[in-house]
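According to UniProt numbering, the stretch in the sequence shown is residues 1 to 290, in order. First comes the structure, then the notes that go with it.
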Amino acid sequence: MQGKVFALLALLLVVIIGFASSVYVVSEQERAVKLRFGEVVEADVPPGLHFKIPFVNHVRKFDGRLLTLNARPERFLTIEKKSLIVDSYAKWRVANVEKYYTATSGEELRAHALLAQRINAGLRDKFGALDMHEVVSGKRDELMQSLTESIDKVARKQFGIEVVDIRVKQVDLPTDVRQSVFDRMNTEREREAREYRSRGQELAEGIRAAADREKVVIGSEAYRDAEAIRGRGDAKAAQIYAEAYSKDADFYAFWRSLKAYEQAFASKSDVLLLKPDSDFFRFMNEKDGK
1 MQGKVFALLA
11 LLLVVIIGFA
21 SSVYVVSEQE
31 RAVKLRFGEV
41 VEADVPPGLH
51 FKIPFVNHVR
61 KFDGRLLTLN
71 ARPERFLTIE
81 KKSLIVDSYA
91 KWRVANVEKY
101 YTATSGEELR
111 AHALLAQRIN
121 AGLRDKFGAL
131 DMHEVVSGKR
141 DELMQSLTES
151 IDKVARKQFG
161 IEVVDIRVKQ
171 VDLPTDVRQS
181 VFDRMNTERE
191 REAREYRSRG
201 QELAEGIRAA
211 ADREKVVIGS
221 EAYRDAEAIR
231 GRGDAKAAQI
241 YAEAYSKDAD
251 FYAFWRSLKA
261 YEQAFASKSD
271 VLLLKPDSDF
281 FRFMNEKDGK
């Protein structure tokens, strides 16, 4: 009786193990392929709960999310035969599970190696057709888009991989030529700075000369206008004096003599040697104003 119990327990255990090994789950983030003795019998198992024949069928699961390939920095030559160190990355995901499994045996590292070879070859061809200026300009974006499209076609056909995007993280100069390039760039910038300073000095001299010339012209015109105004004023004053003095010539002569006396005797140290009958003392010698 005890042996039958053990046999039933053993049978139940086998059934449980067999049922557990025949059930598998594929999540939304995974892609799966069902194999039978190593041969693909179901290429793309949909997400959900599934059953398989234990010890006969085998299920391989792969990450179905968007993955990143960080390629090793590589040295490429431009059309000018100048070396550049290019650091790039790619975004990819599994598109055809059967092709992906056949090409890579389901190994992500193998997929990265195959993609890296194709991407490096494409970058080498693209950079080899550009000069240094085009590499660092906006034309590089067009280059990356074209490379993504071409690599995607090859990767879908050969590996079952969809290449979503390829980008260049950094473009740098090799260490052995970096210093010489920097020195040349520094020399060019200094030459440009000297040219700008020379042009600035030339322009400044021209501005100063024009300002000095304008200053002289303005001063001359102002002096000319002032002299003209002063001359008109003197003429007007002389006219007014003439009109005033012409009304009484004798009084004007008398008034002028008084002014002359005032100026002549202003200083006590002055000495005048004149004849008494000199015309200077005419009004002093006259009696009753005659």
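Even glycine gets a Cβ: it sits at the ideal position worked out from N, Cα and C. Keep in mind it's a predicted model, so treat the numbers as computed, not measured.
Q) From which residue to which residue does the beta strand (DSSP E) around Thr68 run? A) Within the sequence shown, residue 68 is the residue found at index 68, counting from 1. Counting along the chain, the beta strand (DSSP E) containing Thr68 begins and ends at Leu67 to Asn70.
Q. Looking at Phe159 and Ala90, is the spacing between their C-beta atoms short of 8 Å?
A. Locating residue 90 in the sequence shown gives position 90, counting from the first residue. Locating residue 159 in the sequence shown gives position 159, counting from the first residue. The answer is no: Cβ separation not under 8 Å.
Q | Val45 (DSSP reduced to helix, strand or coil) | A | As a position in the sequence shown, residue 45 is number 45, starting the count at 1. It is a strand residue.
Q | Start and end residues, beta strand (DSSP E) containing Gln170 | A | Here residue 170 refers to the residue found at position 170 when the sequence shown is read from its first residue. Taken as a continuous stretch (DSSP letters only), the beta strand (DSSP E) holding Gln170 covers Ile161 to Asp172.
Q: Could you pull out every residue in the same chain whose Cβ sits closer than 6 Å to the Cβ of residue 364, ignoring the five residues on either side in sequence?
A: For the chain, the structure presents residues 1 to 290; residue 364 sits outside this window and is missing.
Q.
Is there a C-beta anywhere in chain B that falls below 8 Å from the one on Ala210?
A. As a matter of chain content, chain B is missing from the structure shown, which is built from one protein chain.
Q: Could you tell me the boundaries of the beta strand (DSSP E) in which Ile119 lies?
A: Position 119 of the sequence shown, counted from the first residue, corresponds to residue 119. Run containing Ile119: none in the beta strand (DSSP E); it sits in the alpha helix (DSSP H), Glu108 to Phe127.
Q.
Considering just the uninterrupted stretch of the beta strand (DSSP E) at Val33, what are its terminal residues?
A. Working through the sequence shown from its first residue, we reach residue 33 at position 33. First-last of the beta strand (DSSP E) with Val33: Glu30 to Arg36.
Q | Alpha-carbon spacing of Lys290 relative to Ser246, whole angstroms | A | As a position in the sequence shown, residue 290 is number 290, starting the count at 1. As a position in the sequence shown, residue 246 is number 246, starting the count at 1. Reliability of the predicted coordinates at Lys290 is poor, the pLDDT of 48 falling under 50, and no value is obtained from them.
(Q) On the criterion of 16 or more Cβ atoms from any shown chain inside 10 Å, does Ala155 qualify as buried, or is it exposed? (A) Here the question's residue 155 lines up with position 155 in the sequence shown. It counts as buried.
Q. What residue range is occupied by the uninterrupted alpha helix (DSSP H) comprising Lys61?
A. Taking the first residue of the sequence shown as position 1, residue 61 is located at position 61. First-last for Lys61: Asn57 to Asp63, but that is the beta strand (DSSP E), not the alpha helix (DSSP H).
Q: State buried or exposed for Gly219, treating a residue as buried only when at least 16 other CB atoms are found within 10 Å of its CB.
A: Indexing the sequence shown from 1 puts residue 219 at position 219. Exposed is the call here.
Q. How many angstroms separate the CA atom of Lys169 from the CA atom of Glu142?
A. Counting from one through the sequence shown, the residue named residue 169 turns up at place 169. Counting from one through the sequence shown, the residue named residue 142 turns up at place 142. Straight-line Cα distance between these residues: approximately 15 Å.
Q: Grab me the residues of Ser150's own chain with a C-beta within less than 8 Å of its C-beta, minus the 5 sequence neighbours each way, in chain order.
A: Here residue 150 refers to the residue found at position 150 when the sequence shown is read from its first residue. Result list for Ser150: Gly122, in chain order.
Q | Per-residue burial, residue 308 [other beta carbons within 10 Å of its own, 16 or more giving buried] | A | In the structure displayed, the chain extends from 1 to 290; residue 308 sits before or after that span and is not available.
Q) On the three-state DSSP scale, how would you describe Lys81? A) As a first step, residue 81 must be located in the sequence shown, where it is residue number 81. In this structure, Lys81 counts as coil in the three-state DSSP scheme.
Q: Find out if the Cβ-Cβ distance for the pair Phe127, Val86 is shorter than 8 Å.
A: Translated into positions along the sequence shown, residue 127 becomes position 127. Translated into positions along the sequence shown, residue 86 becomes position 86. The answer is yes: Cβ separation under 8 Å.
Q. Which value, in whole angstroms, describes the spacing of the CA atoms of Val59 and Val135?
A. Working through the sequence shown from its first residue, we reach residue 59 at position 59. Working through the sequence shown from its first residue, we reach residue 135 at position 135. Distance between the alpha carbons of Val59 and Val135: 46 Å.
Q: Determine the extent of the alpha helix (DSSP H) in which Ala103 is found, giving its start and end residues.
A: Residue 103 sits at position 103 when you count from the first residue of the sequence shown. It spans Val97 to Thr104 - the alpha helix (DSSP H) in which Ala103 sits, taken as one unbroken run.
Q) By Cβ distance, which residues of its chain are closer than 8 Å to Val56, with the 5 residues on each side in sequence left out? A) Taking the first residue of the sequence shown as position 1, residue 56 is located at position 56. Correct list, in chain order: Arg36 and Phe37.
Q. Do Leu69 and Ala103 come within 8 Å of each other at the CB atom, strictly closer than that value?
A. By 1-based counting over the sequence shown, the position of residue 103 is 103. By 1-based counting over the sequence shown, the position of residue 69 is 69. Their beta carbons are not under 8 Å apart, which means Ala103 does not touch Leu69 by this criterion.
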